[in-house]
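Peer 1: There's a structure below that I have some questions on.
There are 2 protein chains.
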Amino acid sequence: MKKNVTPPLGQSILIAVDTAIFSVIDGALRVLLIRIGSGPYEGKWALPGGLVRMDESLDQAAERILSEKAGVDDIYLEQLFTFGGVDRDVRGRSVSTAYFALVNSDRCLPSTIEYYSDIAWHDTAHLPKMAFDHAKIVSVGVDRLRSKIGYSNIAYGLLPKEFTLTELQTVYEIILGHELDKRNFRKKILDIELVKETGKVRQSGQSRPARLYSFTARKPKTVEVL
Amino acid sequence: MKKNVTPPLGQSILIAVDTAIFSVIDGALRVLLIRIGSGPYEGKWALPGGLVRMDESLDQAAERILSEKAGVDDIYLEQLFTFGGVDRDVRGRSVSTAYFALVNSDRCLPSTIEYYSDIAWHDTAHLPKMAFDHAKIVSVGVDRLRSKIGYSNIAYGLLPKEFTLTELQTVYEIILGHELDKRNFRKKILDIELVKETGKVRQSGQSRPARLYSFTARKPKTVEVL
DNA sequence: CAACTAAGTGTATTATACACACTAACAAAA
DNA sequence: TTTTGTTAGTGTGTATAATACACTTAGTTG
């Protein structure tokens, strides 16, 4: 219940969104970071983010910023947590609603990456010096991903439309941080109908061709996975 | 990354916290609501909430408001979700971080309840006309409680220090919305060492006295429960 | 055609989940 | 003091799910 509609005199709390965009690239779980060019946090890395406008919802702000700063649209996006510590930004009081996004290894934003040295994918296991409380946000995001991959189908956000079961298993292993048994993994994944065969195969190198699969659903869904 | 520290000219988004306080009372999962006395939402019910001050974190704001408006301190409290729809409050743009609190049937705030007709426990299954998006907040809170009771020890927030296993089971049944087998429930609860015997018993009515138990830990903890 | 590489497959064992019904301890009433 | 009523408390067998584990297959390359 809000009795005052006018803000506390003379100042107000800024509301921002910051998004942790994750992808599995080169055998590691990575997050997209931008290097700050000026101000008290110059040289440090931060998540893509920005202030919420008066005429957009939090979700819309997250989508807009994702599009403007990271050049990605139409990807898996969910709210993660809201960080509201008093000292989280030395420049002034702010509250940030963090979002959590997944992109597949296809759309690794190569154009953006090539031309800017101040935007890069960083291994979540070896983060650089980060601004604000963004290291904490990444950490909460990794925890969420790690737990959610076990009871939902969100892995679809990290894979292209078609993939082999070995590729899928590798994604699970990288996120969970430990190896999985090939036969048990395939049995489980197929039992719960997380994926379906496409009928196609893919030849990679000098070995037996692998069957290609796709997710049965590309909408968030909870299922017992691992 | 925030490039502007100054807010959009002439106006700003208000940041509030609203808390859904749950308790199991008279065989139902109930939430504490306050009736709004004036303004466009007059007569509707809302969660206890208020604006975040410049010098307090979100968590501190939630605790302060809980204490001021509901008269409770030192209870289970966790952040639930942040609601940031453009039209959530007809009086102006606001963002609200919702919290989720649990109180045990002991501390049902009887003093507050007796003297005010505009503050009451409502069955979550039969909510009155509610202001803002607070019905949605309650619904998200109930979902969170229902899912979290299955893999954590948060039930401790809903029970007094000492209780019988039947009382504990009843709380689980009310929250989950279905009955549980007595023997399997007790076996599981004791196997995972969620609770321990106190050595005391309690006589209630004309039947065999029940042993009293207490939680092994009164800090949030994840454990496989049901 | 031999050697290499990754794909693909089945079974036995163990642990966990679930279904299910009677006895025990106390109070109150006859 | 015995019977009746009421809730507390307990164990086992069965079904399902989780885990551990090694060889064969289909292709490419030399």
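Same order as they appear, the protein sequences are chains A and B.
Counting along the first sequence from 1, when you hit position 186 you're at 186 in the working numbering, and nothing is skipped either side.
Counting along the second sequence from 1, when you hit position 47 you're at 1047 in the working numbering, and nothing is skipped either side.
Glycine residues also receive a C-beta, built at the ideal position from the N, C-alpha and C atoms.
Keep in mind it's a predicted model, so treat the numbers as computed, not measured.
#1: Tell me the start and end of each unbroken alpha helix (DSSP H) in the segment 96–156 of chain A that is at least 4 residues and wholly inside, in chain order.
#2: Can you confirm whether A:E42, when its beta carbon is compared against all beta carbons of chain B, has any partner nearer than 8 Å?
#3: Per DSSP, A:V195 is paired with what?
#4: Just by C-beta distance, which residues in the segment 1050–1081 of chain B are closer than 9 Å to chain A?
#5: Determine the chain A residues that contact B:V1254 at a beta-carbon separation under 7 Å, and present them in chain order.
#6: With a CB to CB cut of under 6 Å and the five nearest residues on each side skipped, what residues in its chain are close to A:F215?
#7: With B:Q1079 as the anchor, note down where its beta strand (DSSP E) starts and where it stops.
#8: Alpha carbon to alpha carbon, how far is A:Q60 from A:T166? Give it in angstroms, no decimals.
#9: Which residues bound the alpha helix (DSSP H) around A:L58?
#10: Just the chain B side, please: which residues come within less than 9 Å of A:V86 by C-beta, in chain order?
#11: Once DSSP output is grouped into helix, strand and coil, what is the label at B:L1165?
#12: Rank B:G1199, B:G1085, B:S1147, B:K1044 by C-alpha distance to the C-alpha of B:G1177 and give the top, closest one.
#13: Just to confirm, are A:P160 and A:S204 a CB contact at a threshold of 8 Å?
#14: Below 7 Å CB to CB, which residues in the same chain sit around B:A1062 once its five sequence neighbours on both sides are set aside?
#15: First and last residue of the beta strand (DSSP E) that includes A:D18?
#16: With DSSP as the reference, label A:K200 as helix, strand or coil.
#17: Quick check on this structure: which residue in A:K129, A:A210, A:Q79 has the alpha carbon closest to the alpha carbon of A:L102?
#18: Of all the options A:R107, A:S57, A:T97, which has the alpha carbon lying nearest to the alpha carbon of A:G71?
#19: Looking at B:P1048: is its Cβ nearer than 8 Å to the Cβ of B:L1058?
#20: Whose C-alpha, out of A:K200, A:L168, A:V142, A:L66, is nearest the C-alpha of A:R30?
#21: Quick one: give me the first and last residue of the beta strand (DSSP E) that A:V31 is part of.
#22: Is the Cβ of B:E1114 closer than 8 Å to any Cβ of chain A?
#23: Whole-angstrom Cβ separation of A:I34 and A:D118, contact assumed at under 8 Å?
Peer 2: On the basis of the coordinates in this document:
#1: Within the segment 96–156 of chain A, the complete alpha helix (DSSP H) runs of at least 4 residues are 110–115, 134–148.
#2: Residue numbering aside, residue 42 of chain A sits at position 42 when the first sequence is read from its first letter. No, A:E42 lies away from the interface with chain B (no Cβ there is under 8 Å from its Cβ).
#3: Position 195 of the first sequence, counting from 1, holds the residue named residue 195 of chain A. Partner(s): A:F215.
#4: Cβ contacts with chain A: G1050, L1051, V1052, R1053, M1054, D1055, E1056, S1057, L1058, D1059, Q1060, A1061, K1069, Q1079, F1081.
#5: Because chain B here runs from 1001 to 1226, residue 1254 of chain B falls outside it and cannot be looked at.
#6: Residue numbering aside, residue 215 of chain A sits at position 215 when the first sequence is read from its first letter. Taken in chain order, the residues that qualify are Y156, V195.
#7: One-based indexing of the second sequence puts residue 1079 of chain B at position 79. According to the DSSP assignment, B:Q1079 belongs to the beta strand (DSSP E) that extends over 1076–1083.
#8: Walking along the first sequence from the start, residue 166 of chain A turns up at place 166. Walking along the first sequence from the start, residue 60 of chain A turns up at place 60. The straight-line gap from Cα to Cα measures roughly 36 Å.
#9: Numbered from its first residue, the first sequence carries residue 58 of chain A at position 58. Unbroken alpha helix (DSSP H) run through A:L58: 58–70.
#10: Along the first sequence, one-based indexing puts residue 86 of chain A at 86. Going along chain B in sequence order, the residues near A:V86 (Cβ under 9 Å) are M1054, D1055, E1056, S1057, Q1060.
#11: Here residue 1165 of chain B refers to the residue found at position 165 of the second sequence. The answer is helix: DSSP assigns B:L1165 an H, G or I state.
#12: For the purposes of this step, residue 1177 of chain B is identified with residue 177 of the second sequence, where counting begins at 1. Ranking B:G1199, B:G1085, B:S1147, B:K1044 by Cα distance to B:G1177 puts B:S1147 first.
#13: Here residue 160 of chain A corresponds to residue number 160 of the first sequence, with the count starting at 1. Here residue 204 of chain A corresponds to residue number 204 of the first sequence, with the count starting at 1. In this structure, the beta-carbon distance from A:P160 to A:S204 does not fall below 8 Å.
#14: Walking along the second sequence from the start, residue 1062 of chain B turns up at place 62. Beyond the five residues adjoining it in sequence on each side, B:A1062 comes within less than 7 Å, by CB distance, of V1017, T1019, L1077, Y1099 in the same chain, given in chain order.
#15: Indexing the first sequence from 1 puts residue 18 of chain A at position 18. Where A:D18 is concerned, the enclosing beta strand (DSSP E) stretches over 14–25.
#16: Counting from one through the first sequence, the residue named residue 200 of chain A turns up at place 200. Strand.
#17: On the first sequence, position 102 is the one that residue 102 of chain A refers to. Here the closest residue by C-alpha is A:Q79.
#18: On the first sequence, position 71 is the one that residue 71 of chain A refers to. Distances from the alpha-carbon of A:G71 to those of A:R107, A:S57, A:T97 put A:R107 closest.
#19: The residue labelled residue 1048 of chain B in the question sits at position 48 within the second sequence. The residue labelled residue 1058 of chain B in the question sits at position 58 within the second sequence. Against a cut-off of 8 Å, the Cβ pair of B:L1058 and B:P1048 comes out as no contact.
#20: Taking the first residue of the first sequence as position 1, residue 30 of chain A is located at position 30. It is A:V142.
#21: Taking the first residue of the first sequence as 1, we reach residue 31 of chain A at position 31. 28–35 is the span of the beta strand (DSSP E), which, as asked, contains A:V31.
#22: In the second sequence, the residue the question calls residue 1114 of chain B occupies position 114. Interpretation of B:E1114 is limited by its pLDDT of 49, a score under 50 that renders its predicted location unreliable; the figure taken from the coordinates is listed afterwards. With 8 Å as the cut-off, B:E1114 does not count as an interface residue toward chain A.
#23: For the purposes of this step, residue 34 of chain A is taken as the residue at position 34 of the first sequence. For the purposes of this step, residue 118 of chain A is taken as the residue at position 118 of the first sequence. With a beta-carbon spacing of about 6 Å, A:I34 and A:D118 fall inside the 8 Å limit used to define contacts.
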